[in-house]
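Each remark here refers to the structure printed beneath this line.
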Amino acid sequence: CWDTLPPELHPVPTPVHQEYCGCNPLAQTGRSKLQNQRAALNQQILKAVRMRNGAENLLKVATNQKVREQVRLELSFVNSDLQMLKEELEGLNISVGVYQGTEEAFTIPLIPLGLKETKEVDFSVVLKDFILEHYSEDSCLYEDEIADLMDLRQACRTPSRDEAGVELLMSYFVQLGFVESRFCPPTRQMGLLFTWYDSFTGVPVSQQNLSLEKASILFNIGALYTQIGTRCNRQTQAGLENAMDAFQRAAGVLNYLKETFTHTPSYDMSPAMLSVLVKMMLAQAQESVLEKVCHPGIQNEFFMLVKVAQEAAKVAEAYRQLHAAMSQEPVKEHVPYSWASVACVKAHHYGALAHYFAATLLIDHQLTRSADDDHQEKCLSQLYRRMPEGLTALGTLRNDQQRCQLGKAHLLQAIGHHEESLREANLCKKLRDIQVLRDVLSAAHQRTQLKYSQHRADDDLLNFSAAPDVVPKTEQEVGIILPQFSKVTVVDFFQKLHNKCATYSVGMQKTYSMICLSMDDDDKTDKAKKISKKLSFLSWGTSKSRQKSASTLCLPAVGLARPQAKKKLAPPFSLLNSDSSLY
Numbered sequence: 155c156w157d158t159l160p161p162e163l164h165p166v167p168t169p170v171h172q173e174y175c176g177c178n179p180l181a182q183t184g185r186s187k188l189q190n191q192r193a194a195l196n197q198q199i200l201k202a203v204r205m206r207n208g209a210e211n212l213l214k215v216a217t218n219q220k221v222r223e224q225v226r227l228e229l230s231f232v233n234s235d236l237q238m239l240k241e242e243l244e245g246l247n248i249s250v251g252v253y254q255g256t257e258e259a260f261t262i263p264l265i266p267l268g269l270k271e272t273k274e275v276d277f278s279v280v281l282k283d284f285i286l287e288h289y290s291e292d293s294c295l296y297e298d299e300i301a302d303l304m305d306l307r308q309a310c311r312t313p314s315r316d317e318a319g320v321e322l323l324m325s326y327f328v329q330l331g332f333v334e335s336r337f338c339p340p341t342r343q344m345g346l347l348f349t350w351y352d353s354f355t356g357v358p359v360s361q362q363n364l365s366l367e368k369a370s371i372l373f374n375i376g377a378l379y380t381q382i383g384t385r386c387n388r389q390t391q392a393g394l395e396n397a398m399d400a401f402q403r404a405a406g407v408l409n410y411l412k413e414t415f416t417h418t419p420s421y422d423m424s425p426a427m428l429s430v431l432v433k434m435m436l437a438q439a440q441e442s443v444l445e446k447v448c449h450p451g452i453q454n455e456f457f458m459l460v461k462v463a464q465e466a467a468k469v470a471e472a473y474r475q476l477h478a479a480m481s482q483e484p485v486k487e488h489v490p491y492s493w494a495s496v497a498c499v500k501a502h503h504y505g506a507l508a509h510y511f512a513a514t515l516l517i518d519h520q521l522t523r524s525a526d527d528d529h530q531e532k533c534l535s536q537l538y539r540r541m542p543e544g545l546t547a548l549g550t551l552r553n554d555q556q557r558c559q560l561g562k563a564h565l566l567q568a569i570g571h572h573e574e575s576l577r578e579a580n581l582c583k584k585l586r587d588i589q590v591l592r593d594v595l596s597a598a599h600q601r602t603q604l605k606y607s608q609h610r611a612d613d614d615l616l617n618f619s620a621a622p623d624v625v626p627k628t629e630q631e632v633g634i635i636l637p638q639f640s641k642v643t644v645v646d647f648f649q650k651l652h653n654k655c656a657t658y659s660v661g662m663q664k665t666y667s668m669i670c671l672s673m674d675d676d677d678k679t680d681k682a683k684k685i686s687k688k689l690s691f692l693s694w695g696t697s698k699s700r701q702k703s704a705s706t707l708c709l710p711a712v713g714l715a716r717p718q719a720k721k722k723l724a725p726p727f728s729l730l731n732s733d734s735s736l737y
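Here's what the structure looks like:
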């Protein structure tokens, strides 16, 4: 009986190792192809940026006029290549067709976020040294735990597009908190270099700090929620509710990232960009609310048309605010142009729908003696912030000519919005390639023109007066849903270690972006000797032996051994503001 033995002689239970697997990275799915293209583009952008930096440095020191002219010529070629690569990356960000549900037939596509790419990281050497040095324990006893951690990180690079994938990323995020508390004292660097690529610019950011890893995982959780939302079947009521929930959860994760990690070094995780992304997710959630209202069918009934008109106006308002936010600096320079075009197109499209349904309820319905005139009068008065000059709600309902005239004014406003949405879609090359978007915009435009032609009169232009805007109103206000990490069951891999060695430190360390240098082969050989015995999950079809994946170095910082409290933190973008850092 173990109870008769002293506590120190009790056997330590052997943990059951769990296999952590993401999606097969070699599977020829649409999403995997996009991610592979993104990874290849990131490498090309890194190469082009290094060439540009070298050319700019040579231009600064060169004194020979002929050499300077040749360098300027090469620099123009490199900048041109960078611009082309940026456009290719933008094309991947607007590849909405891959992420849409297979049941989608005649609905406007929604915009998902792509996952951030990273390089492999070998935890074994650093964690083994720290266990031996700080805890005075045999580091070989923790080879399986270290391998489990690396397996989990590798699986998080290709998560499945469902709740299991979200849970996988959340598990790794919580596990990073355990690792940070045990292996990251505030007085020293962890010694691992984490490299993540900006989702919009493709520029790599390298940092010897676990905060970059945690922030990037949070971004990918939000991105995965957006992919789940766009994948939902929007032809069913349940699918629309799931899409609404997914986009609100994506907004919650991105907002949590913005408020928790305030010194993120890449532009895709800057507070300004995250604020725009939160607005975009909420706008798409509000769009799903409108589709949910219209899903059973829009009956040609007065109160139903009032409701749909105000719901459409609410969606138009959300996209107008989103487009205004995308047009502000510094976001304007880095947000994909096609995204701003989509926001503008949808703002005009749903604004046109609001005017169309307002016109329909005015033209097709008249007040009868048996009708609830008080209720209709109240609804019509609440449709506008202010009735047009010289008109009253009850008088308009009872006067056929006034109703028809105001309805045709709404139709003219709707036609103007439709034409603007079509024009904006034609200006953007990426949107011209999305056929379903063009079909939806054209069909809505033709329907409004047909409605106007049925009631058109020769003196319309003489008696024309602009119709007031419809007041935005919704029966279901959307909002952010914060992530609930407490619901994810996570076991600390290193729970066998005794008391934790460090407390959480929120300061983001100095970042070296695009100063990634290749390591010497000798250094790789020496580090490769320290490999855990347990084979970890690697990419499908690759060598079975674990390879050292941290193939980059950052320049040494001065005074790394000093306490963090004595450091003066650099501004979050101090190293990214030069012309040679971002395009």
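Numbering follows the numbering used here, in which position 562 of the sequence shown is assigned residue number 716; successive positions increment by one, without gaps. Here a beta-carbon is modelled for each residue, glycine too, at the ideal position from N, C-alpha and C.
Asked: Is the CB-CB distance between ALA579 and VAL489 below 8 Å?; Found: no
Asked: Indicate the three-state DSSP secondary structure (helix, strand or coil) for THR349 in the structure shown.; Found: strand
Asked: With distances taken from CA atoms, which of GLN402, PHE277, TYR289 is nearest GLU297?; Found: PHE277
Asked: Measuring CB atoms only, is the region 559 to 570 touching the region 509 to 519, in the sense that at least three cross pairs come out at less than 8 Å?; Found: yes
Asked: Could you have a look at GLN389 and say whether DSSP puts it in helix, strand or coil?; Found: coil
Asked: From CYS294 to VAL279, what does the alpha carbon distance come to, in whole angstroms?; Found: 11 Å
Asked: Under a three-way DSSP split, which group does GLN361 fall into?; Found: strand
Asked: Contact defined as beta carbons within less than 8 Å: I believe GLU471 pairs with VAL447. What is the distance between those atoms, to the nearest angstrom?; Found: With 8 Å as the limit, GLU471 and VAL447 do not qualify as a contact, their Cβ atoms being about 16 Å apart.
Asked: Would you mind sorting GLU405 into buried or exposed? The rule is 16 or more other CB atoms within 10 Å of its CB.; Found: Note that residue 405 corresponds to Ala in the displayed sequence, not to Glu. Classification for ALA405: buried.
Asked: Sort out for me which residues DSSP pairs THR514 with in a bridge.; Found: Paired residues: none, contrary to the question.
Asked: Taking only runs of the alpha helix (DSSP H) that begin and end inside the region 258 to 344, which ones reach a length of at least 4 residues, in chain order?; Found: 278 to 284, 297 to 310, 317 to 337
Asked: Report all residues from its chain with a CB closer than 6 Å to the CB of ALA377; omit the five preceding and five following residues, and keep chain order.; Found: LEU267, LEU269
Asked: Any idea what DSSP makes of ILE588, helix, strand or coil?; Found: coil
Asked: Less than 8 Å between the CB atoms is what I'm expecting for HIS502 and GLU445, so what's the real figure, rounded?; Found: About 18 Å; that fails the 8 Å criterion.
Asked: Assuming VAL624 and ILE262 make a contact with CB atoms under 8 Å, what is their CB distance in whole Å?; Found: With 8 Å as the limit, VAL624 and ILE262 do not qualify as a contact, their Cβ atoms being about 19 Å apart.
Asked: Take PHE401 and list the residues in its own chain whose beta-carbon comes closer than 6 Å to its own, dropping the five residues that flank it on each side.; Found: GLY383, MET435, GLN438, ALA439
Asked: Answer yes if the region 227 to 244 comes into contact with the region 194 to 212, meaning at least three C-beta pairs across the two stretches below 8 Å, and no otherwise.; Found: yes
Asked: Which of helix, strand or coil does DSSP assign to CYS448?; Found: helix
Asked: Near PHE511, what residues of its chain come up, given a Cβ to Cβ distance below 6 Å and the 5 sequence neighbours on each side ignored?; Found: LEU459, VAL462, ALA463
Asked: Does the region 348 to 362 come close enough to the region 307 to 320 that 3 or more CB-CB pairs lie under 8 Å?; Found: no
Asked: Compute the Euclidean distance between the alpha carbons of VAL215 and ARG388, then round it to the nearest angstrom.; Found: 59 Å
Asked: Between which two residues does the alpha helix (DSSP H) harbouring LYS461 extend?; Found: 456 to 480
Asked: What is the residue span of the alpha helix (DSSP H) that GLU578 lies within?; Found: 554 to 581
Asked: At least one CB of chain D closer than 8 Å to the CB of GLY345: is that the case?; Found: No chain D is part of this structure, which consists of one protein chain only.
Asked: With DSSP run on the structure shown, which of helix, strand or coil describes PRO484?; Found: coil
Asked: So for LEU236, helix, strand or coil by DSSP?; Found: helix
Asked: Just to confirm, is the Cβ distance from ALA568 to HIS609 under 8 Å?; Found: no
Asked: Starting from LYS532 and walking both ways along the alpha helix (DSSP H), at which residues does that stretch end?; Found: 527 to 537
Asked: Look at CYS739 and TYR473 and say whether their C-beta atoms are less than 8 Å apart.; Found: In this structure the chain extends from 155 to 737, so residue 739 is not present and cannot be described.
Asked: At a cut-off of 7 Å, is LYS486 close to the ligand ZN when judged by its beta-carbon and the heavy atoms of the ligand?; Found: For the ligand ZN, the structure offers nothing, since it holds no ligand at all.
Asked: Could you have a look at PHE647 and say whether DSSP puts it in helix, strand or coil?; Found: coil
Asked: I think LEU323 touches ASN374, with their Cβ atoms under 8 Å apart; what is that distance to the nearest whole Å?; Found: 6 Å
Asked: Rounded to whole angstroms, what is the Cα-Cα separation between ASN196 and PHE260?; Found: 34 Å
Asked: State the Cα-Cα distance for the pair LYS273 and ALA467, rounded to the nearest angstrom.; Found: 45 Å
Asked: Smallest Cα separation from LEU431: which of THR390, TYR379, GLU321, GLN556?; Found: TYR379
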